[in-house]
Amino acid sequence: MSNVTVCVRFRPLSPRERNAHGEAICITSLDEKSFSFKDDKEEKSMFCFDRVFYPGSSQSEVYEFIAMPIIQDIMNATNGTIFTYGQTGAGKTYSMEGPNFPDSQEKGLLPRVVDGLFESLRSSDEVHCTVKLSMVEIYMEKIRDLLDLAKDNLQILESKVQGIYLSEVTEIAVMDPADALKCLSRGISNRAVGETQMNMASSRSHCIYIFIVQQKSTKDGMVKTGKLMLVDLAGSEKVEKTNAQGKVLEEAKSINKSLSSLGKVINALTTGRMNHIPYRDSKLTRILQDGLGGNSRTALLCCCSPSSTDASESLSTLRFGTRTKYLKTPLRVNMNEDKSKSDQVIQHGVGSESCERIL
Ligand code: ADP
Ligand code: MG
């Protein structure tokens with residue numbers, strides 16, 4: 001089984017979209033892995049992923065498919081990383097934190113992961129466990145500690161023992177789920193304070209939640225360590241190059257660079273081109289280095305708006321998802337229904353049914 005899972009989630013239409021454009025949506029569900037997509041030129045394509053979460057899907061379905069297997073790995077002392085990717089407003093933070101974190105019926109991945117981790121730890125009674133939490137934000141290639149705003153330029157270091165780590169980052173040992181949620185809530189409100197201070201929108205930075213789980217055997221003293229990183233990425237929307245200037249243009253360039261290096265790293269890992277994995281191309285990929293590749297499992301949740309008015313951004317999110325995971329081999333095929341399109345290129349996933357196909 002592949003160590004990289006790529007899923008797509010479509011949020012429901014918002015009341016504003018409904019009022020302005022009725023029920024105009026760009027997707028037709030085919031099954032739990034594939035859908036047909038109509039772009040802004042009314043061209044249809046079919047996309048397949050490891051799993052598609054449609055507008056009616058619940059937070060618990062997303063958690064069970066994406067995070068539960070990764071929590072199991074963390075218990076077995078490997079690493080894991082979960083990303084939410086997509087344009088601003090597509091549902092990244094809803095999926096990661098859930099609305100009104102942490103008190104909500106619709107808890108996102110983060111509070112569910114906290115519960116899941118502690119539940120798994122409770123079931124192993126031959127070990128002494130510790131969970132340490134850190135929370136950082138990357139904005140314009142600078143790393144800020146969200147648990148201590150005075151640390152606003154953390155450095156990434158590497159050692160044989162610790163692997164990749166952030167020098168002087170705040171690590172808080174949390175005893176139970178309530179303790180962990182309190183700590184995460186503090187980081188989330190600090191993020192908002194920092195944004196106001198810097199006059200910056202949260203959609204322009206990447207937020208990383210880091211859990212380090214250690215299990216020390218009470219029998220032989222052996223220590224097993226697993227690192228889990230949850231990453232709410234900056235909005236992937238294109239910024240109009242012609243209009244953007246100054247800070248907006250610099251932000252856009254920085255986000256673009258880090259998202260494209262993330263895509264290249266995941267692609268290198270999934271296609272087996274392991275001789276040069278460009279971790280050092282951005283702070284984002286460098287921090288995540290030991291959570292991507294090696295003995296770790298990665299899940300990418302591509303969040304999309306279902307509205308036809310967002311079709312062009314959704315298409316670029318879907319293409320990021322396909323590109324990061326699958327090597328595409330162009331094939332010429334004959335299709336029966338429409339002779340005029342019979343020569344179009346099909347893009348197949350290799351070693352998997354996942355693909356984008358022009359219909
Ligand atoms: P992003 O973090 O990608 O910018 P948000 O997560 O803030 O986007 O989502 C934008 C809006 O859409 C929010 O009001 C959020 O509550 C709503 N939303 C997103 N995804 C869903 C969903 N799956 N179900 C219900 N509402 C959602
Ligand atoms: Mg967000």
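According to the UniProt record's numbering, the sequence shown holds residues 1 to 359 in order. Glycine residues also receive a C-beta, built at the ideal position from the N, C-alpha and C atoms.
Item to check | For D179, the nearest candidate out of V114, L166, K92, K257 (CA to CA) | outcome: Per the Cα distances, V114.
Checklist entry - the ligand MG: which residues have Cβ under 7 angstroms from any of its heavy atoms, chain order? => result My final list is T88, K92, T93, S202, S203, D232.
Checklist entry - How about L187: is its Cβ closer than 8 angstroms to a heavy atom in the ligand ADP? => result The amino acid at residue 187 is misidentified as Leu; the sequence shows Gly. Not so, every heavy atom of the ligand ADP lies at least 8 angstroms from the Cβ.
Next on the checklist: At a threshold of 8 angstroms, does S95 count as lining the ligand ADP (C-beta to nearest heavy atom)?
Outcome noted: The answer is yes for S95.
Next on the checklist: Tell me the DSSP secondary structure of Q87 in three-state form.
Outcome noted: If DSSP states are grouped into helix, strand and coil, Q87 belongs with coil.
Item to check | CA-to-CA distance, K151 to V169, given in whole angstroms | outcome: If I take the Cα positions, the gap works out to 8 angstroms.
Item to check | With 16 other Cβ atoms within 10 Å as the buried cut-off, status of L301 | outcome: Buried.
Checklist entry - Quick one: what does DSSP say R122 is sitting in, helix, strand or coil? => result It is helical.
Item to check | Contact set for T93: own chain, Cβ-Cβ below 7 angstroms, skip 5 residues either direction | outcome: The answer, listed in chain order, is D232.
Item to check | Collapsed DSSP secondary structure at S189 in the structure displayed | outcome: Secondary structure at S189: helix, using DSSP grouped into helix, strand and coil.
Item to check | Residue span of the beta strand (DSSP E) that contains I71, given as start and end | outcome: That residue, I71, is in no beta strand (DSSP E); its alpha helix (DSSP H) goes 68-75.
Checklist entry - Can S29 be considered in contact with the ligand ADP, in the sense that its beta carbon sits closer than 8 angstroms to one or more heavy atoms? => result With a cutoff of 8 angstroms, S29 does not count as near the ligand ADP, since its C-beta is closer than that to no heavy atom of the ligand.
Next on the checklist: Tell me the residue span of the beta strand (DSSP E) that contains S217.
Outcome noted: Taken as a continuous stretch (DSSP letters only), the beta strand (DSSP E) holding S217 covers 206-217.
Item to check | Of the residues P102, I212, M198, the one placed nearest L184, counting alpha carbons only | outcome: Closest option to L184, Cα to Cα, is P102.
Item to check | Whole-angstrom distance between G263 and A67, CA atom to CA atom | outcome: Cα to Cα, A67 sits roughly 20 angstroms from G263.
Next on the checklist: When you compare the stretch 158-176 with the stretch 243-250, are there three or more beta-carbon pairs, one atom per stretch, that lie closer than 8 angstroms?
Outcome noted: Contact between the stretch 158-176 and the stretch 243-250 is absent: fewer than 3 CB-CB pairs across the two stretches fall below 8 angstroms.
Item to check | Where H128 falls: helix, strand or coil (DSSP) | outcome: Reduced to three states, the DSSP call for H128 is strand.
Next on the checklist: For the alpha helix (DSSP H) containing S314, name the first residue and the last one.
Outcome noted: The continuous alpha helix (DSSP H) containing S314 extends over residues 311-325.
Item to check | With 16 other Cβ atoms within 10 Å as the buried cut-off, status of T196 | outcome: Here T196 is exposed, its C-beta having fewer than 16 other C-beta atoms within 10 Å.
Item to check | From I212, P12, D220, residue whose alpha carbon lies closest to that of G91 | outcome: By alpha-carbon distance to G91, the top candidate from I212, P12, D220 is P12.
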